[in-house]
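Each remark here refers to the structure printed beneath this line.
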Amino acid sequence: MEVTLDELEIERPAEIKRIMGGFGFQRRIAALGLRVGKIVRKVASEPLRGPIVVEVDGTRVALGRGMSMKIFVEEIEE
Amino acid sequence: MRILLMGNPNVGKSVIFSRLTGTDVIASNYPGTTVEFTKGTMKLNGERAEVIDVPGTYTLEPVSKAEEVAVEMLHEGDVVIQVVDATNLERNLYLTLQLIEKKVPLIMALNLWDEAKHIGIKIDVKKLEKLLGVPVVPTVAVTGEGIKELVSRLPHARISVYRSTDHEKWGDIGKMIAQVQSVTHRHHTPLEKLGDLSIKPVTGIPLSILVMYLAFQITRFIGEGLIGYVFEPLFELYTPLAMKISQLLGPGFLHDILIGTLIKGEIDYTQSMGVLTTGLFVPFAMVLPYVFSFYLTLSFLEDCGYLPRLAVLIDNVMHRLGLHGSAIIPMLLGLGCNVPGILATRILETRRQRFIAATLTAICIPCTAMLAVVVGLVGKYGPQGLGIVFVTLFIVWVILGTLLDKLLKGESPEIFLEIPPYRIPYWGALLKKLWMRIKYFLREGVPYVLLGVFIANVLYTLGVIDFVGRIASPVIVGLLGLTKETAAALIIGFLRKDVAVGMLLPLGLTMKQLIIASVVLTMYFPCVATFAVLFRELGVKDMMKSAGIMIVGAILVGSLLNLIL
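For the record, the sequence lines run as chains G and R. Following our numbering, the numbering of the first sequence begins with 1 at its first residue and continues without gaps. Following our numbering, the numbering of the second sequence begins with 1001 at its first residue and continues without gaps.
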């Protein structure tokens, strides 16, 4: 089932299925490793709609809640 | 010849830089925040070559001012050394392909090679070299491994013939990675676990408070130690010489300016107000030790990788002020000196964010010198006095930020940053950075103090200060509840706020007046150096706007304090 990165549970690995938003946004997050087909793991979610932190390719990236809502992922089995 | 060091943030560029260059590093650079560039020189085949440490960038399509600097720099180099994080080759190759597209002679330093091996990443360097068509040298910058080879192969840097179109790039990179890299499964290291704990809110927030508390205590401990054991004894040695000069000069104009007033026949370094007494004592014995200890602590936090975590934790709060978490870094730098703080606002993406961050820094963030002033003025009344000053500044920071966020058009982009793994700082690079920051303080700060004391003394003697004091007295006496004499200190504060301490001390103000004076002095206007940087970073119009906010804010807050306290 596809959910946004925002809704994904902490510590659950998931695969990025599609990314909404403009071309510039897509390119920018791609440069930090967030691309379709990548496996991400949510590490932390700051309270009060603060940013979330994900691990992708062994690095951690913090991104705003709004951005995370444009990234659709599907949970995978570990 | 000019060599550019380019690469993503957190790949160890600055360490490679400090390995390549000697100690004579020229430029202004405020890393964490590598926003300007650092220049140094190295010997290459018996010739001097210039090495430039370019701000980190992920792509050649800049999103922040710091990244713009990086892209502009590209036109000025003869050779680019791309420093690549071997533990994250795929992501770094994107910049490689973009650099190749620009047709610059390129050589790659595959840095963090040991770490990659350690976590089970194997890279076929020969094959990567062949695929990319540029030399690739594995390096471990912190130990110096591979640096010699990097230098010896530097002349072989070349323009690659590799071509890929824009939309194919990630695909091409994927294919390349499949051919050159193999990864064995690995578990998280203890440092990574600690890294995660310090961003999860439940553990990260208490940890951040602990870190900040420790940083503060260490800064104070080192600063006080330096003052008590190094600088004050040095000035005690200097006193006989100063007294000699005083006797030689005899009473008169020159004595007033150079030595100032003798307190009970002795030189009192905080109150005498001479260029050669207070003018030297304030920057060297009161401020420099703290500048040193503050930047030592901050550079450590920066280099070990803690600051981005703090930025994430505080992002929410900062958004209420129209900023995002990364803005905490310029603010922290501003606590040392507002100048690098304001320069560091370049890491922010929009003009609006930079305006808010720069204005808030200039108005509410007391620099080390200012802190010394406040502690000198109010500290003797114990913690409540200091508490009122800092709480007031904090409230102003919140309210003003909120107001600016509401009033200024435009929106605040969200935080988006890489959180680097914790690393043990490389002391060579850290000390080089610390030295640059100290040098900056000595070059920009000290002359202003001397000039400030000098001008203050001249103006006093000429009666100008009294005159201005009379004109400004409705505001200073009426609204702020201060005495007419404080006008002089407030005016001198334009040049250098720390000078003002010595001017306010002998006036016999009450605690309430000292609190108001401290707050007003912090808020009403930045020192000349900061003013110049504001002008450069914001332009005339926004600088005037910012200055207007400061003056109105200072009078308003000062008057309110006068009413409330």
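Backbone N, C-alpha and C fix where the C-beta goes; we use that ideal spot for every residue, glycine too.
Work out the CA separation of residue j and residue i for me, nearest whole Å.
| i | j | result |
| --- | --- | --- |
| residue 1227 of chain R | residue 1233 of chain R | 8 angstroms |
| residue 1090 of chain R | residue 1168 of chain R | 14 angstroms |
| residue 1004 of chain R | residue 1426 of chain R | 21 angstroms |
| residue 1244 of chain R | residue 1255 of chain R | 12 angstroms |
| residue 1292 of chain R | residue 1371 of chain R | 14 angstroms |
| residue 1222 of chain R | residue 1290 of chain R | 8 angstroms |
| residue 1455 of chain R | residue 1093 of chain R | 56 angstroms |
| residue 21 of chain G | residue 70 of chain G | 6 angstroms |
| residue 1211 of chain R | residue 1307 of chain R | 11 angstroms |
| residue 1125 of chain R | residue 1100 of chain R | 18 angstroms |
| residue 1159 of chain R | residue 1350 of chain R | 34 angstroms |
| residue 26 of chain G | residue 19 of chain G | 7 angstroms |
| residue 1509 of chain R | residue 1214 of chain R | 34 angstroms |
| residue 1560 of chain R | residue 1402 of chain R | 19 angstroms |
| residue 1356 of chain R | residue 1240 of chain R | 49 angstroms |
| residue 1294 of chain R | residue 1368 of chain R | 8 angstroms |
| residue 1467 of chain R | residue 1527 of chain R | 22 angstroms |
| residue 1180 of chain R | residue 1127 of chain R | 6 angstroms |
| residue 1340 of chain R | residue 1330 of chain R | 8 angstroms |
| residue 1197 of chain R | residue 1204 of chain R | 6 angstroms |
| residue 1297 of chain R | residue 1264 of chain R | 40 angstroms |
| residue 1008 of chain R | residue 1061 of chain R | 13 angstroms |
| residue 1051 of chain R | residue 1347 of chain R | 22 angstroms |
| residue 1459 of chain R | residue 1224 of chain R | 34 angstroms |
| residue 1522 of chain R | residue 48 of chain G | 32 angstroms |
| residue 1408 of chain R | residue 1147 of chain R | 49 angstroms |
Taking Cβ positions, are residue i and residue j nearer each other than 9 angstroms?
| i | j | result |
| --- | --- | --- |
| residue 1063 of chain R | residue 28 of chain G | yes |
| residue 1275 of chain R | residue 1257 of chain R | yes |
| residue 1316 of chain R | residue 7 of chain G | no |
| residue 1087 of chain R | residue 50 of chain G | no |
| residue 1524 of chain R | residue 1492 of chain R | no |
| residue 77 of chain G | residue 42 of chain G | no |
| residue 1388 of chain R | residue 1476 of chain R | no |
| residue 1413 of chain R | residue 64 of chain G | yes |
| residue 1532 of chain R | residue 1486 of chain R | no |
| residue 1261 of chain R | residue 1269 of chain R | no |
| residue 1192 of chain R | residue 1366 of chain R | no |
| residue 1069 of chain R | residue 1012 of chain R | no |
| residue 1209 of chain R | residue 1312 of chain R | no |
| residue 1415 of chain R | residue 1546 of chain R | no |
Assign residue i to buried or exposed, taking buried as 16 or more other Cβ atoms, counted over all protein chains shown, within 10 Å of its Cβ.
| i | result |
| --- | --- |
| residue 1541 of chain R | exposed |
| residue 1031 of chain R | For residue 1031 of chain R, the pLDDT reaches just 37, beneath the cut-off of 50, and the residue's location in the model is therefore unreliable, although a value from the coordinates is still provided. So residue 1031 of chain R counts as buried. |
| residue 1026 of chain R | Confidence in residue 1026 of chain R is poor, its pLDDT being 47 and thus under 50, which makes the residue's placement unreliable; the coordinate value appears in the next sentence. Exposed, since its Cβ has fewer than 16 Cβ neighbours within 10 Å. |
| residue 1178 of chain R | exposed |
| residue 1353 of chain R | buried |
| residue 1272 of chain R | buried |
| residue 1334 of chain R | buried |
| residue 1133 of chain R | exposed |
| residue 1513 of chain R | buried |
| residue 1190 of chain R | exposed |
| residue 1045 of chain R | exposed |
| residue 1246 of chain R | buried |
| residue 1287 of chain R | buried |
| residue 1080 of chain R | buried |
| residue 1405 of chain R | buried |
| residue 1301 of chain R | buried |
What residues match up with residue i in a beta bridge as DSSP calls it?
| i | result |
| --- | --- |
| residue 53 of chain G | G:44, G:62 |
| residue 67 of chain G | Per DSSP, none; premise fails for residue 67 of chain G. |
| residue 2 of chain G | G:74 |
| residue 14 of chain G | G:40, G:75 |
| residue 1182 of chain R | R:1122 |
| residue 1003 of chain R | R:1051, R:1079 |
| residue 1140 of chain R | R:1145 |
| residue 19 of chain G | G:71 |
| residue 1109 of chain R | R:1083, R:1137 |
| residue 1380 of chain R | Beta-bridge pairing links residue 1380 of chain R to no other residue. |
| residue 1409 of chain R | None, per the DSSP bridge assignment. |
| residue 1273 of chain R | R:1260 |
Could you spell out where the alpha helix (DSSP H) holding residue i opens and where it closes?
| i | result |
| --- | --- |
| residue 1332 of chain R | 1328-1336 |
| residue 1092 of chain R | 1089-1101 |
| residue 975 of chain R | No statement about residue 975 of chain R is possible, as the shown extent of chain R runs from 1001 to 1565 and does not include it. |
| residue 1152 of chain R | 1147-1153 |
Starting from residue i, follow the beta strand (DSSP E) in both directions and report where the run begins and ends.
| i | result |
| --- | --- |
| residue 977 of chain R | Nothing in the structure corresponds to residue 977 of chain R, since chain R is present only between 1001 and 1565. |
| residue 1418 of chain R | 1416-1419 |
Worksheet item: What residues in the stretch 1168-1179 of chain R have a beta carbon less than 7 angstroms from any beta carbon of chain B?
Response: In summary, chain B is missing from the structure at hand, where the protein chains are G and R.
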